[in-house]
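Q:
Numbering (mature numbering (1 follows the signal peptide of the UniProt record, and there is no 0)), first residue to last: -21 to -1, 1 to 182.
1) In whole angstroms, give me the CA-to-CA distance for residue 100 and residue 153.
2) Spatial neighbours of residue 92 within its chain, please: C-beta separation below 7 angstroms, excluding the five flanking residues on both sides.
3) Do you know how far the Cα of residue 89 is from the Cα of residue 179?
4) Measure the C-alpha to C-alpha separation of residue 175 and residue 59 and round it to an integer number of angstroms.
5) DSSP beta-bridge partners for residue 85?
6) Identify every run of the alpha helix (DSSP H) within the stretch 90 to 175, keeping only runs that are complete inside it and at least 4 residues long; order them along the chain.
7) Whose C-alpha, out of 106, 104, 97, is nearest the C-alpha of residue 114?
8) For residue 58, name the three-state secondary structure that DSSP assigns.
9) How far does the beta strand (DSSP E) with residue 65 in it extend, from its first residue to its last?
10) Kindly list the residues whose CB is nearer than 6 angstroms to the CB of residue 52, restricted to its own chain and excluding five residues on each side of it in sequence; keep chain order.
11) Spatial neighbours of residue 6 within its chain, please: CB distance less than 7 angstroms, with the 5 preceding and 5 following residues excluded, ordered by chain position.
Right, dumping it as structure tokens:
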């Protein structure tokens, strides 16, 4: 079946039963942490990992958190969100050193639209309130932390990430970069519910 993902990749160099190969010259190293699944069974892409760094499926499968494809069904698992610029960023220079790049976030949205599914974000600690970064495209990074005192899984859909990035770019996207932003929202899938604070940033 011809999909939007095939359209995005253009002329494919090869297609096999196990690997959708990237065309020659495709800048795959920049897009290796958008989608993730399987907490520990997929090591980083190395020569000894058994993964092919030119294979799209291997690029999109990483070890940190769980990603689940839902084919033709976009996933919106979170409610309305607040949005605010991080105070410490006000007045900082418009540089790629500490701000997400507009083009990276636009590409992030484009890729997220081509692959429906959801993240199950884990790794939270009651003692450590640091951000859990679950998805990245170059300078455009997204992290969350729980605000309800719990440490369980946080479900986040691809449509939620698309909506957050589009909202931030609409509000603050006049220059070449975005100020780090964050906000609060509630997410749920089945019986799993979580109150979270999200953060779009570049460290």
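Glycine included, each C-beta is placed from N, C-alpha and C at the ideal position.
Note that the structure is predicted; figures quoted are calculated from it, not measured.
A: Let me spell this out:
1) Sequence index remark: in the chain shown, residue 100 carries index 121 (1-based). Sequence index remark: in the chain shown, residue 153 carries index 174 (1-based). Using only the alpha carbons, I get a separation of about 31 angstroms.
2) For this step, residue 92 is matched to residue 113 along the chain shown. So the qualifying residues of the chain are 141.
3) Here the question's residue 179 lines up with position 200 in the chain shown. Here the question's residue 89 lines up with position 110 in the chain shown. When rounded, the distance between both Cα atoms is 16 angstroms.
4) Here residue 175 is taken as the residue at index 196 of the chain shown, counted from 1. Here residue 59 is taken as the residue at index 80 of the chain shown, counted from 1. Pairing residue 175 with residue 59, the inter-Cα distance amounts to about 12 angstroms.
5) The residue given as residue 85 occupies position 106 in the chain shown. Note: residue 85 sits in no beta bridge, so no partner.
6) Listed in chain order, the complete alpha helix (DSSP H) runs (minimum 4 residues) inside the stretch 90 to 175 are 137 to 151.
7) Mapped onto the chain shown, residue 114 falls at position 135. Closest in C-alpha terms to residue 114, from the list 106, 104, 97, comes 97.
8) Position 79 of the chain shown holds residue 58. Coil, per DSSP.
9) Numbered from 1 along the chain shown, position 86 holds the residue referred to as residue 65. Per DSSP, residue 65 belongs to no beta strand (DSSP E) and is neither H nor E.
10) Start at 1 with the first residue of the chain shown, and residue 52 comes out as number 73. These residues qualify, in order along the chain: 95.
11) Sequence index remark: in the chain shown, residue 6 carries index 27 (1-based). In this prediction, residue 6 has a pLDDT of 41, which is less than 50 and means its spatial position is unreliable; what the coordinates show is noted afterwards. Only residues of its own chain outside the window of five on either side were considered, and among them none has a CB closer than 7 angstroms to the CB of residue 6.
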